[in-house]
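Basically our numbering = 1-based index in the sequence shown + 1. So the structure is just underneath, and the comments pick up after that.
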Amino acid sequence: MLKSYFTIAFRNLWKNRTSSFIDIFGLMIGLSGCLLIGLYIQNEVSFDRFQPKGDRIARVIMEYSFGSNDKAQKGNFTSTKVAPVFQRTFPEVESAVRLSGSTATLRLNNTLVSEQKFVYSDSSFFKVFQADFIHGSSAHALDGPFKVVLTESASKKYFGSANPVGKLLLTAADTISYQVTGVIKDYPANSQMKFDFLASFSSLGANQETSYFNANYTTYLLLRKPEDLASLQAKISPFMKKEMAGSGATIDYYLERFSEIHLHSPYGGLVANTPVTYLYILAAIAGLILMIVCFTYINLSTARSVERAKEVGIRKVIGADNSQLFWQFIGESFIVCVVAVLLSLDVVVLLLPYFNEVAATSLHYSALFTAPFIAFTLGITIAISLLAGTYPALIISGFQPIKVLKGAFKHTSSGKRVQQSLIVFQFTISIFLIAATLIIQNQLHYIQNKNLGFDRHQLVQLFLNREAQHKILTIKDELKKNPDILYASRSANNPANIVSGYSMRSADMPESNQISVNANPIDEDYLKTIGVQLIAGQDLTQQDITNTDLPDANQSVYQFILNESAARQLGWTPKEAIGKRMFLDASRPGYVKAVIKDFHFASLHEKIKPLVLFPEKQGHRLFIKLSGHNVPQTLAFLEATWKKLVPSQPFEYTFLDDTYKLLYDSEIRLGRLMNIFTTLSIILACLGLFGLTSYVVQQRIKEIGIRKVLGASVGNIFLLLSKGFVQLVLVAALIAFPLAWFAMSKWLEEYAYRVSLSWWVFALAGLSTLVVTLLTVSYQAVKAALMNPIRSLKSE
2 MLKSYFTIAF RNLWKNRTSS FIDIFGLMIG LSGCLLIGLY IQNEVSFDRF QPKGDRIARV
62 IMEYSFGSND KAQKGNFTST KVAPVFQRTF PEVESAVRLS GSTATLRLNN TLVSEQKFVY
122 SDSSFFKVFQ ADFIHGSSAH ALDGPFKVVL TESASKKYFG SANPVGKLLL TAADTISYQV
182 TGVIKDYPAN SQMKFDFLAS FSSLGANQET SYFNANYTTY LLLRKPEDLA SLQAKISPFM
242 KKEMAGSGAT IDYYLERFSE IHLHSPYGGL VANTPVTYLY ILAAIAGLIL MIVCFTYINL
302 STARSVERAK EVGIRKVIGA DNSQLFWQFI GESFIVCVVA VLLSLDVVVL LLPYFNEVAA
362 TSLHYSALFT APFIAFTLGI TIAISLLAGT YPALIISGFQ PIKVLKGAFK HTSSGKRVQQ
422 SLIVFQFTIS IFLIAATLII QNQLHYIQNK NLGFDRHQLV QLFLNREAQH KILTIKDELK
482 KNPDILYASR SANNPANIVS GYSMRSADMP ESNQISVNAN PIDEDYLKTI GVQLIAGQDL
542 TQQDITNTDL PDANQSVYQF ILNESAARQL GWTPKEAIGK RMFLDASRPG YVKAVIKDFH
602 FASLHEKIKP LVLFPEKQGH RLFIKLSGHN VPQTLAFLEA TWKKLVPSQP FEYTFLDDTY
662 KLLYDSEIRL GRLMNIFTTL SIILACLGLF GLTSYVVQQR IKEIGIRKVL GASVGNIFLL
722 LSKGFVQLVL VAALIAFPLA WFAMSKWLEE YAYRVSLSWW VFALAGLSTL VVTLLTVSYQ
782 AVKAALMNPI RSLKSE
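What follows is the structure, encoded as structure tokens:
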């Protein structure tokens, strides 16, 4: 029986090669998109699942404020004090580890190499996180200063295939070297723990329990039991109230489960997070694509039902029952799906490198053959076979043999309504995805082209090591000799992402009433270099910097530059603020020298906050403003000057434009993926429409011939065949527009600064769908209109 089913199925598929190709090709393309999305989602949700203690690890989030009227600030930072104090105080904490991401300039065969994945950690790292040692052991790997554990790839890079344990890893400063104490296997790509070098935390000289402030480190706790997180969280707030009593500041800590950080935390880590919302969006797109291919299959199968009506009638007459016919057609659907799935696996393997580039990920085709993904693929195959095959199978197997064999069979009006409903649904999905993609791209364009209040274009960023910081005045003087270098300035933070937290108060405010503020140490050329507008007061001078570093620290006086928000927070207008006495933290007394126009120094997800710029000699970033002329020659001059003045550090630069884009990495990835899958959905919808139109034309071929004989033009025939599809597009647009408006309104709420939902976006989505529909229908319509009517009428 099964052999007979498959034989008949293959014969029918071969007989209707064009429609079978459309079915298989459509399913193959749709499934390829769904499998790629499935691989991506599987990779994201599996982050750090390999950590055996992952359910017991928690990251500590700090929340702080100064005074009762101050707005609380939060972030994934703590001081060095939190880890040891929490471990001693709370029995729920089994161990704790502090991490600090950094960069290091190392020597490789007498060549300086800047390593970006250099992380400092307590020796307890290996008690908290899993690591597979190839050489050495975790027992004493990081229990003293200037010890380092390498990953396998870093070990091969610096020491080849030899065992490097006991050898020295040399830095650019010959006086400092790290002893290699172990080599561990590289963590997989889906891990938050991304590093090549893990150095002992004591090397920083920062592991003293001095204060809950100076919060520049990340703290992880290993709990004794997973359920201890709730009880520990309940104890932290009362404990911190006692700790901070009388300080005038409020500090509290919240715990994030390690397994939830990558998808659910707003705070990044050693790798960028992926908002779980974006995975929901991609999963929904995969589901919509599957619906499109299923509905295409259903429409084409029901359209072909007329051709198979006599076959069904004869088989029923000779004894076949409905269930046999039903499973016969489900079997055909299953064969189509299996062939499409096998082809789609090949397509995924071919497209995976391109997809990795677009999605900024590192998926491997081997993931296709893991047990979970095989089960996922098999489930999709069965689901599509049933979803796409059930309705046509029920319709075809339900034909009445008497009517069929008499030639009285025709499609019912209810069947036609179902067919039209499926087409409307396909168009609705396409219009929705087009509108959503246009809005996402519009927001990304807004982000990338918005006036941030400073000029990020042609702004080069270099990192300064200690030697470079000591020579900063000489470096700046040398750089300014090039006419295509307009300005150069040292600063501690990227102007597009100033994250350092301080407190401020005016001289009239009590010490206990302070305000949280972001602040950035700068030099006298900073405002000119980044192009911030000065609206009151005067710019800094070199003397202002000198006055902050007097031999007698008590005589140091700071000249502050406030943004408009900071001046407003202190109760001053820009003009009133000039000359006012204020304090930045308790250690920096001074006066307001200038007020600048508000500029965006953080992501556009956030509103502009108070900011203080202050003169100081610290700052490990050098920003260089180029004229924009002769850029390659200017960069070559920069490199030559750098190598001459700072031989201890490789010349590595970035343009601030590129750094700025990293703030919106997840949005850019989503935009790229939306472009791909929206295009895919349109292609699939048009493919189904093309096949369906060919059957409509075939069914009305004699009608078209008669109309041509009676004088109908090509245009008349085109309008006749396309009118119904145009109406369906209009209905789909009416459904898709409010759905897209609601969904994208929710998405845009994540941004403090965003585009408005303009009517033209929805009009363009509907119009583009209409145009594509007419182009798809036009081929079959014009072909039918140009056909010689004698050929279609000669059988009458």
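Even for Gly, the Cβ is constructed at its ideal location relative to N, Cα and C. Small disclaimer: the values here were computed from a predicted structure and weren't measured.
Spatial distance of residue i from residue j (CA atoms)
{"i": "residue 87", "j": "residue 380", "result": "47 angstroms"}
{"i": "residue 513", "j": "residue 569", "result": "19 angstroms"}
{"i": "residue 539", "j": "residue 609", "result": "23 angstroms"}
{"i": "residue 623", "j": "residue 601", "result": "19 angstroms"}
{"i": "residue 640", "j": "residue 159", "result": "25 angstroms"}
{"i": "residue 831", "j": "residue 276", "result": "It is not possible to answer for residue 831, since the shown part of the chain is limited to 2 through 797."}
{"i": "residue 328", "j": "residue 335", "result": "10 angstroms"}
{"i": "residue 385", "j": "residue 36", "result": "14 angstroms"}
{"i": "residue 681", "j": "residue 363", "result": "22 angstroms"}
{"i": "residue 114", "j": "residue 666", "result": "26 angstroms"}
{"i": "residue 188", "j": "residue 136", "result": "15 angstroms"}
{"i": "residue 458", "j": "residue 236", "result": "49 angstroms"}
{"i": "residue 541", "j": "residue 452", "result": "24 angstroms"}
{"i": "residue 439", "j": "residue 763", "result": "9 angstroms"}
{"i": "residue 153", "j": "residue 361", "result": "23 angstroms"}
{"i": "residue 472", "j": "residue 290", "result": "59 angstroms"}
{"i": "residue 170", "j": "residue 467", "result": "19 angstroms"}
{"i": "residue 60", "j": "residue 619", "result": "30 angstroms"}
{"i": "residue 647", "j": "residue 196", "result": "26 angstroms"}
Nonlocal neighbours in the same chain, by C-beta distance under 7 angstroms from residue i, ignoring five residues either side
{"i": "residue 215", "result": "80"}
{"i": "residue 773", "result": "683 and 687"}
{"i": "residue 128", "result": "96 and 223"}
{"i": "residue 669", "result": "445 and 662"}
{"i": "residue 481", "result": "489"}
{"i": "residue 635", "result": "483, 485, 486 and 627"}
Contact under 9 angstroms by Cβ, residue i with residue j
{"i": "residue 168", "j": "residue 181", "result": "yes"}
{"i": "residue 660", "j": "residue 498", "result": "yes"}
{"i": "residue 185", "j": "residue 246", "result": "no"}
{"i": "residue 455", "j": "residue 532", "result": "yes"}
{"i": "residue 505", "j": "residue 567", "result": "yes"}
{"i": "residue 119", "j": "residue 139", "result": "no"}
{"i": "residue 89", "j": "residue 225", "result": "no"}
{"i": "residue 52", "j": "residue 130", "result": "yes"}
{"i": "residue 621", "j": "residue 464", "result": "yes"}
{"i": "residue 1", "j": "residue 424", "result": "Residue 1 lies beyond the stretch modelled for the chain, which goes from 2 to 797, so this question has no answer here."}
{"i": "residue 65", "j": "residue 250", "result": "yes"}
{"i": "residue 675", "j": "residue 286", "result": "yes"}
Other residues of its chain near residue i: CB distance less than 8 angstroms, five sequence neighbours each side excluded
{"i": "residue 284", "result": "38 and 42"}
{"i": "residue 779", "result": "719 and 723"}
{"i": "residue 408", "result": "Any reading at residue 408 needs caution, since the residue's pLDDT is 49, under 50, leaving its predicted position unreliable; the model's value is listed next. Once the five neighbours on either side are set aside, residue 408 has no close Cβ partner at all."}
{"i": "residue 655", "result": "461 and 462"}
{"i": "residue 777", "result": "687, 690, 691 and 694"}
Where residue i sits in the DSSP three-state scheme
{"i": "residue 784", "result": "helix"}
{"i": "residue 569", "result": "helix"}
{"i": "residue 30", "result": "helix"}
{"i": "residue 363", "result": "coil"}
{"i": "residue 134", "result": "strand"}
{"i": "residue 21", "result": "helix"}
{"i": "residue 82", "result": "coil"}
{"i": "residue 434", "result": "helix"}
{"i": "residue 449", "result": "helix"}
{"i": "residue 251", "result": "strand"}
{"i": "residue 579", "result": "coil"}
{"i": "residue 266", "result": "coil"}
Sequence-distant residues of its chain with Cβ nearer than 6 angstroms to residue i (five each side left out)
{"i": "residue 124", "result": "143 and 144"}
{"i": "residue 515", "result": "67, 68, 504 and 506"}
{"i": "residue 164", "result": "136"}
{"i": "residue 671", "result": "279"}
Within-9 angstroms CB hit, residue i to chain B
{"i": "residue 741", "result": "Absent from the structure is chain B; it holds one protein chain and no more."}
Exercise. Mind listing, in chain order, the continuous beta strand (DSSP E) runs of no fewer than 3 residues lying wholly within the region 151-202?
Key: 169-171, 178-185 and 198-201
**Request:** For the region 598-684, list the alpha helix (DSSP H) runs that are entirely contained and at least 4 residues long, ordered along the chain.
**Result:** 632-646 and 657-662
Scan the region 212-241 and note each continuous beta strand (DSSP E) run of 3 residues or more that stays entirely inside, going in chain order. 219-224
Problem - Runs of beta strand (DSSP E) wholly within the region 513-544 (minimum 3 residues, chain order) - result: 516-523 and 535-538
| Taking only runs of the alpha helix (DSSP H) that begin and end inside the region 61-132, which ones reach a length of at least 4 residues, in chain order? | 83-90 and 126-129
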